[in-house]
Each structure stands twice: as C-alpha cells, then as structure tokens.
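Protein chains in written order, with the numbering used here: chain Z, 48 to 466; chain P, 48 to 466. Please read the structure below before turning to the comments.
2 protein chains.
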Amino acid sequence: MRFSRMLIPTTKETPNDAVLTSHILLLRAGFIQSIGSGLYNFLPLGKITLDKVRQIVKEELDKAGCNEVHLPIVTPITLWEETGRADKFGKELLRFKDRHENNFVLSPTNEEAMVNLVRQTVKSYKQLPLNVYQINWKFRDEVRPRFGLMRGREFLMKDAYSFHATTEDMEREFALMEETYKKIFTRLGLAFRVVEADSGAIGGAGSKEFMVLADSGEDTIMVCDACDFGANVEVLSEDEKVCPKCGGGLSQTKGIEAGHIFQLGTVYSEPMKAEFLDEDQKLKPFVMGTYGIGVSRLLAGIIEQNHDENGCVWTKESAPFLVDIIVAKAKNEEQMAAAEKLYAELQSKGVDVLLDDRADKKTGFGVKIKDFELIGIPYAVVIGNDVSEGKVEFITRDGLQKESLSTENLVEQILEKLA
Amino acid sequence: MRFSRMLIPTTKETPNDAVLTSHILLLRAGFIQSIGSGLYNFLPLGKITLDKVRQIVKEELDKAGCNEVHLPIVTPITLWEETGRADKFGKELLRFKDRHENNFVLSPTNEEAMVNLVRQTVKSYKQLPLNVYQINWKFRDEVRPRFGLMRGREFLMKDAYSFHATTEDMEREFALMEETYKKIFTRLGLAFRVVEADSGAIGGAGSKEFMVLADSGEDTIMVCDACDFGANVEVLSEDEKVCPKCGGGLSQTKGIEAGHIFQLGTVYSEPMKAEFLDEDQKLKPFVMGTYGIGVSRLLAGIIEQNHDENGCVWTKESAPFLVDIIVAKAKNEEQMAAAEKLYAELQSKGVDVLLDDRADKKTGFGVKIKDFELIGIPYAVVIGNDVSEGKVEFITRDGLQKESLSTENLVEQILEKLA
C-alpha cells in the first residue's frame with residue numbers, strides 16, 4: 048500500500064482523556080478514533096491489524112477442528128430468560144425493544160444463543176464432540192468505559208463453545224484449547240502466562256486465564272521461576288503463595304487478561320433442555336466448555352507489552368505492515384525509482400509493505416521517520432541520497448538499530464533479515 | 048474439511064414460514080438457521096460462503112484504491128441529528144438508550160458516521176480523493192421481515208463513501224465504482240444488469256442499481272437486446288419505454304437489487320460542516336458519492352438465480368467448496384484410502400475440498416448424493432466400488448452431468464475440469 052493513498056492521521060498531540068499507553072499510541076498513530084464513550088472507529092491501520100490478529104485466531108481454531116459460525120448481534124431476550132440470566136445480568140446487558148415491542152439484548156456473550164443453535168441441530172452422541180465458535184462484535188454497557196480498546200463497550204471477541212457426551216471428553220477439549228491458545232499467543236509474539244483463575248481448581252482445571260505480561264496490567268499474578276506455574280494472586284491461599292509444587296521461587300507480576308477458558312459442565316444445557324441421545328438411548332444434557340479471546344483487546348495488550356518512548360513496536364505477526372519503505376525525498380527521481388522497484392519486488396515475495404511515497408512539502412524525511420516510529424512497523428528501508436552510491440539504510444524498529452545495506456541483492460538481504 | 052466433523056444439518060423438510068426458493072434452500076441445506084423474525088445464524092457452510100463473497104468484494108475495492116475501516120454498529124444519535132435524519136427516518140431506525148440515558152441507534156447505514164470520521168481527519172484538498180468503506184453488519188427494523196436473507200433485519204452490507212474536491216472528480220470515482228462493481232458481479236459468476244435508478248438521471252448518472260437477474264426479483268427492469276441499456280421500469284416515461292438510444296428492442300425482466308451507487312454531492316457534508324481547505328485556501332464542503340452492496344443478500348441472490356429442483360447450484364467463486372469427494376462406502380478401506388489420497392492431493396493444489404467421509408449406518412451413498420445436490424457444490428468425485436477397477440465418477444452439479452474418470456492422473460484430469 049502507498050502511504051499517500053491511505054488514511055493514516057498521525058498526530059503529535061496526546062488525546063485529552065487517554066491515560067493508558069496503548070490508548071494514547073493507537074489514537075496518535077491513527078489506528079483508532081473515538082466516536083463516543085467506549086466506541087471506536089478502526090481506521091485503515093487498525094482494521095488491517097485487527098484482521099491479522101483475527102486471522103491467526105481463526106487459523107489455529109480451524110486447525111483444532113472448531114466450526115466457525117456467525118450469530119446475530121441482536122439476540123431475542125427469550126433465550127436469556129431460559130437460563131435466568133436476563134434477570135441476573137446487571138446493567139451491562141443492554142436491552143431494547145423493537146418496533147413491535149419485542150425485547151432483545153445486544154449480546155455481550157453468547158452461551159444461550161449457541162446452546163440454542165446446537166440443541167436444534169445436534170441430536171445424537173454420534174455428532175459429538177463439537178466445538179463451535181464465532182469472531183464477532185459484542186456490546187457490554189460498561190458503567191465507565193476507559194483505557195481505549197482495553198475496556199471498550201463495543202469490542203471484537205472470539206467466543207467458542209464445545210459440546211460433549213462426557214466430562215472426560217470435555218476435559219480433553221479443554222486441554223486442546225489450552226494448547227491452541229498457547230499457539231495463538233506464541234504466534235502473536237507475546238510474552239504470556241497461563242494462570243489458574245479459579246481457587247477450587249488448582250490441581251483441577253475449572254478455569255484458566257491467558258495473561259499478556261505488561262506493567263500496566265490490571266491483574267496481579269504469581270509466577271514461578273522454575274516451572275510454568277502461574278495463578279491469579281486472588282485465588283491463592285496464604286499457603287499456596289509460598290510453595291508451588293515444583294519447589295521454585297515465586298514472584299509477582301502484572302498481567303492483562305486476554306483469554307479465558309472454562310469448564311462449564313451442564314449449567315447452560317440443563318435449564319435450556321439441550322439434550323442428545325446417548326449410546327444407551329437415554330436423553331442427556333450436553334457437557335460444555337467455553338473459550339474466549341478478546342481480539343480487539345489484544346491490540347491494546349500487544350502495545351502495552353511492546354512500545355517505547357517513540358511509539359508502538361508491533362510484533363511481526365500482528366503488525367499492519369512488515370516493512371516500511373521510506374523515500375527520503377519523494378520528488379527525487381532516482382530515489383523514487385529505487386523505492387518503487389523494491390516495493391514491487393518485496394510485494395512479489397509476499398511481504399506486506401508500506402511505501403511512504405508522500406511528496407508534499409510538509410512531509411519531509413523527519414516526519415516520515417517519526418511516523419515509522421510512532422506506527423511501529425517492525426522494519427524500515429530508507430532510500431535517501433546514498434542510493435546513488437548503491438546504499439540504503441535498514442532500521443529495526445525494536446531498539447532502532449540501523450545498518451547500511453548495499454543495493455546489490457537488496458531483496459535477498461532484506462528477506463534474510465525478516466525471516 | 049471433513050463432512051463428519053462439520054455441523055451441516057441438512058433436512059428434507061420445507062420450513063414452515065419460508066416461501067422464497069433461496070430461503071427454503073439455504074435453511075434446508077444447513078447454511079442458515081432462523082433465531083427470530085429476520086434474524087439468522089450463519090452455520091459453517093453459510094459462514095464460509097459469506098466470507099468468500101466478502102473477500103471478492105474486498106479485493107476489488109482494495110484494487111480500486113479504497114480504504115477499509117470498521118465503524119461501531121452502535122452509533123450516537125447526535126450524529127443523525129446533525130443531518131436531520133434522526134427525525135426523518137421512520138421506525139426502521141432502531142433507537143435505544145444506554146445505562147446513562149444517552150441515545151443511540153443501531154446503524155442501518157453510515158453516511159453520518161463516515162462523514163464524521165473524515166471531517167476529523169481530512170483537512171486539505173491534498174488528501175483527496177478518498178474512498179472509505181466497511182463490510183459490516185447493519186440493522187433495519189423492517190415492519191415485516193421475510194424472504195430469509197433477502198430482507199432480513201440484521202444483514203451484512205458493504206458501504207463505501209467517497210470524498211472529493213470537485214463534482215468532476217466525484218463523477219470519475221462513480222464511474223470507477225461502476226466498473227469495480229461489474230468486476231465483482233462478474234467474478235461471482237452472476238448474470239446481472241446495471242440499470243438507471245433515477246428518472247432524472249437517464250443520460251446523466253445520479254444513481255445506478257446492480258440487478259441480479261432472477262424470476263423471483265422484486266423489481267421489473269427494462270433491458271435492450273442490442274446494447275447494455277437497462278432501467279428500472281418505474282423511472283421510465285412512456286416515450287422511453289419504446290425507444291432506447293441504440294435502437295434495439297426492449298423487453299422486461301425481473302431483477303434483485305444487490306448493489307446501488309449514488310452521486311450524493313454535498314447533502315451530508317454541508318449540514319455536518321465537513322469541509323476541506325481547497326487550493327484557493329477556501330473552506331469547501333466535500334463532494335461525496337456513496338456505494339452499497341448487500342453482501343448477505345447476495346447469497347440469496349446467487350441461489351435465486353442458480354438452483355434446480357434438487358437444491359442450490361453455487362457459482363464457482365461463491366461456493367463453500369469447489370469439490371465434494373463422496374466416499375460411497377466409508378467403511379470400505381480401499382475406497383477410503385483412495386478418497387484420502389485425492390483429498391490430500393487436491394488440497395495441496397489449493398482446491399477447497401469437502402470430504403464426505405460419513406460412515407454411520409444412516410448415511411448411505413444415496414444420502415451423500417442428495418446432500419451434494421442440495422448443498423450445491425459445483426463438482427463431486429464419487430469413489431465407489433469401481434475404484435478397484437481404476438475408475439471414479441465425476442459429477443458437474445450444474446446439469447448433473449456424469450462421466451467416468453480413470454484413477455490414472457486423476458488430479459490432473461480434475462484440475463483441468465475445474466479451470
């Protein structure tokens with residue numbers, strides 16, 4: 048893509064109401080734009096990044112055998128009445144009436160709607176197990192939305208629900224989802240911990256959270272320096288705060304909850320009479336698990352963990368582009384020709400490239416470098432005066448290391464660095 | 048994908064409230080499921096198909112230089128008040144209050160929200176032209192939702208909005224969008240006509256509709272047999288119904304409106320004070336165009352145009368899978384081995400393949416063939432008893448032609464037929 052043709056409204060000013068780093072940087076770098084309390088437009092860079100994260104989540108779930116579906120955001124409240132959650136859920140559940148005075152909710156989560164989908168289509172144990180998911184927008188009417196994408200009102204979430212004939216099979220799927228989530232967070236290039244979220248469940252496995260490690264995290268977690276033990280500090284008794292099983296040392300750190308997996312059992316299927324015919328010809332309620340990932344929240348989590356004083360530092364798999372080709376003087380024909388050539392060659396190799404071809408007076412070399420740093424594209428190639436001597440500059444965003452590259456075999460050298 | 052692992056609840060029964068062919072077939076073939084008046088779950092086949100159509104729309108818009116964004120579905124009503132549409136729009140505009148008694152709408156369209164996005168980020172003629180779009184769910188509180196995806200309440204729409212310094216430039220973009228839409232509808236394999244939608248505009252070009260030709264269409268259009276002239280019959284005067292410019296013969300046919308492009312001018316930018324600084328340093332309102340495609344409606348349109356008495360007949364680019372490998376007896380080791388081999392080979396060539404590996408007693412060869420015909424996958428390869436003599440059957444869904452293929456060079460023969 049060409050910078051000159053994209054809507055990327057970067058700004059130096061820190062927005063008024065933003066205090067969290069990711070909120071400030073995503074606004075300043077032109078990824079998002081506020082349109083109301085807890086409501087954000089995703090501008091072109093934000094949309095591309097969201098799609099990249101979404102695609103990784105989708106690919107790993109599909110590999111694990113999950114079925115992707117799409118449910119309406121508007122859900123009849125009758126489904127919520129079947130489980131009693133229409134009453135129990137507080138004001139975060141946004142309710143409204145349609146023109147015929149029928150009651151609906153804007154879905155903040157979809158246990159009821161997904162149980163309804165499955166009870167109409169799955170009748171026999173032979174159709175089990177089944178794991179059904181969607182990646183869709185949800186609405187939670189937070190009393191005080193804040194922190195940008197970290198706690199918005201309308202947010203993108205992956206919600207998966209699995210259905211089983213037995214508890215053992217649900218536990219198998221729960222373990223598979225834990226592994227699948229680890230693959231997703233690892234592919235995203237994140238430092239994270241899986242932590243026990245449920246006190247009763249330590250040793251069991253009722254509920255686990257996936258924590259993106261970041262100083263700004265809202266949760267305090269205990270981690271071991273000798274094993275992969277981790278737990279939300281709130282669920283630990285005083286005894287447990289001293290001695291994990293492996294005997295290593297414990298320390299506290301901060302985490303952002305970006306995923307959560309639950310063993311549900313039959314708490315939704317029983318009241319909703321979601322039953323299947325088992326091998327012994329008896330009707331039984333589905334044994335269920337549920338698995339969430341905050342997809343739009345992950346954008347904030349990635350930046351909370353990966354930024355510096357100059358801006359965002361996207362990980363390779365989450366970045367809107369992998370390489371930014373910066374033409375120092377876009378009106379210089381030699382520079383522009385070299386940049387166009389490199390742009391075409393990298394694209395032909397399947398690399399996501401942004402060509403900063405802006406040629407207006409206000410957008411000099413300094414502005415382009417500042418924008419590269421603020422946006423946080425992993426690598427830049429600067430094509431400046433030295434190109435006439437066969438040289439360009441290669442910058443790695445993380446650490447801002449610079450090195451000179453020869454224009455001979457330039458594409459091969461760059462591909463090696465990206466690998 | 049393996050049929051045995053996918054949720055594809057096909058059924059012989061015609062659903063109660065469905066009268067339109069596409070509504071009946073999409074329900075019966077397990078693409079969608081009703082969850083309330085005008086509200087549908089997209090089941091796995093429906094989700095895959097929707098994504099394929101969406102991807103084609105996105106690719107062609109991106110090639111035309113458009114910028115993809117994402118806007119919240121929940122929009123502050125204050126934006127709609129700026130243009131007066133909060134009052135003018137009837138009950139189809141669903142309004143509600145959040146917990147703080149602030150007023151919102153569920154967006155049925157996004158002129159105001161997109162003008163708001165652009166007026167905050169585009170200040171100079173140098174940033175023009177700009178065409179911004181999203182492919183997102185909309186809500187229209189129809190008084191009587193019906194015909195399935197043809198007239199649902201929650202629906203997927205591509206809405207694009209272009210911003211220009213001059214009317215001439217907007218007209219250039221309007222022509223570009225007309226060409227882009229033609230490419231989209233052609234790639235989808237649809238028979239369609241572009242028709243004049245606006246009486247005053249014949250000869251001019253204020254508004255054009257893209258009509259998918261189908262007997263069940265709600266609109267009557269006049270087309271010429273000698274040129275590509277077409278017009279909504281309602282906009283033609285008696286004189287115009289007799290003599291198109293080219294001198295050919297006119298006839299009437301039916302169409303489904305699947306796309307609509309408009310020259311808007313400044314009707315939104317003026318009341319919303321969306322202005323840019325022009326070359327002469329004067330503030331001017333953006334000249335706008337707007338361009339819609341009903342993405343979920345297209346699924347219905349494709350089936351209205353492409354079906355037979357046995358079920359759906361998806362076009363190649365819209366089909367959930369291109370090839371269905373039917374294993375006549377999945378418990379026969381030789382058949383299953385041959386099917387697995389073909390499945391792996393076709394996948395390695397990038398072909399979207401469904402392997403009907405169902406092995407339960409109820410799902411015999413006849414059921415698999417009926418499901419293939421109902422779902423409407425373009426091609427099937429039947430692996431049955433003849434495989435031991437080196438033969439398989441190849442079926443083309445459109446017309447149900449059958450031919451015998453040798454297992455020698457089978458992949459090459461199949462790829463040739465798919466091309």
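Cβ atoms here follow ideal geometry from the backbone N, Cα and C, with glycine treated the same way.
Contact between R200/Z and F186/Z holds, with the beta-carbon distance rounding to 6 Å and staying under 8 Å. Among the residues facing chain P, I182/Z is not included, as its CB has no counterpart in that chain under 8 Å away. Here the alpha carbons of A111/P and H211/P stand approximately 15 Å from one another.
A direct Cα-Cα distance of roughly 44 Å separates R75/P from L54/Z. The Cβ-Cβ distance between V370/Z and I442/Z does not fall below 8 Å. Proximity of H211/P to chain Z, defined by a Cβ-Cβ separation below 8 Å, is not satisfied. For E128/Z, the enclosing alpha helix (DSSP H) covers residues 124 to 130. Annotated three-state conformation of F89/Z is strand, per DSSP. Scanning I82/Z, P367/Z, F50/Z for the CA closest to the CA of D64/Z turns up I82/Z.
Each residue's CA atom was taken as its position, placing M269/P and V280/P some 6 Å apart. Look at the beta carbons and you see the segment 212 to 225 of chain P touching the segment 328 to 345 of chain P: at least three pairs across the two are nearer than 8 Å.
The continuous stretches of alpha helix (DSSP H) do not include Y315/P, and DSSP gives it neither H nor E. Judged by beta-carbon spacing, G341/Z lies within the 8 Å limit of A305/Z, meaning their Cβ atoms are closer than that value. Nearest neighbour of A427/P by Cα position, chosen from A406/P, A366/P, F151/P, turns out to be A366/P. In this structure, the CA atom of R405/P is about 11 Å from the CA atom of I372/P.
When C-beta atoms of the segment 113 to 132 of chain P are compared with those of the segment 144 to 159 of chain P, three or more pairs fall below 8 Å, so the two segments count as touching.
Beta-bridge annotation (DSSP): Y208/Z is paired with V179/Z, T337/Z. Closer than 8 Å to the CB of M53/P there is at least one CB belonging to chain Z.
Distance from V104/P to K205/P at the Cβ level is roughly 5 Å; contact confirmed, criterion being Cβ atoms closer than 8 Å. Residue contact check for G112/Z against chain P: a CB pair falls below 8 Å.
Chain-order list of chain Z residues neighbouring P56/P: T168, by C-beta distance under 7 Å. The beta carbon of G339/P sits closer than 8 Å to the beta carbons of T156, M204, K205, D206, A207, G306, H307, I308 from its chain, once the five residues preceding and following it are set aside; these are given in chain order.
In terms of Cβ geometry, T267/Z and K301/Z form a close pair [threshold 8 Å]. Counted as a single uninterrupted DSSP element, the stretch harbouring Y228/Z is not any beta strand (DSSP E) but the alpha helix (DSSP H) occupying residues 214 to 234.
Contact between A244/P and E256/P holds, with the beta-carbon distance rounding to 4 Å and staying under 8 Å. In the structure shown, G413/Z adopts helical secondary structure according to DSSP, grouped into three states. The way I'd put it, the segment 287 to 297 of chain P doesn't touch the segment 312 to 328 of chain P; fewer than three beta-carbon pairs between them come closer than 8 Å. Counting only runs of 4+ residues, the alpha helix (DSSP H) found wholly inside the segment 381 to 454 of chain P occupies 412 to 422, in chain order. Judged by DSSP secondary structure, E159/Z falls within the alpha helix (DSSP H) whose first and last residues are 158 to 166.
A Cβ of chain P is located within less than 8 Å of the beta carbon of L177/Z. Per DSSP, G277/Z is one residue of the beta strand (DSSP E) stretching across 277 to 279. Counting only residues of its own chain and dropping the five nearest sequence neighbours on each side, Q448/Z has a CB closer than 8 Å to the CB of I442.
Listed along chain Z, the residues sitting closer than 8 Å to N163/P by beta-carbon distance are I82. When secondary structure is reduced to three states using DSSP, A321/P falls in the coil class, being assigned neither helix nor strand. Here T96/P carries a helix assignment [DSSP, helix/strand/coil]. By DSSP's assignment, M269/P forms a beta bridge with A278/P, Q299/P.
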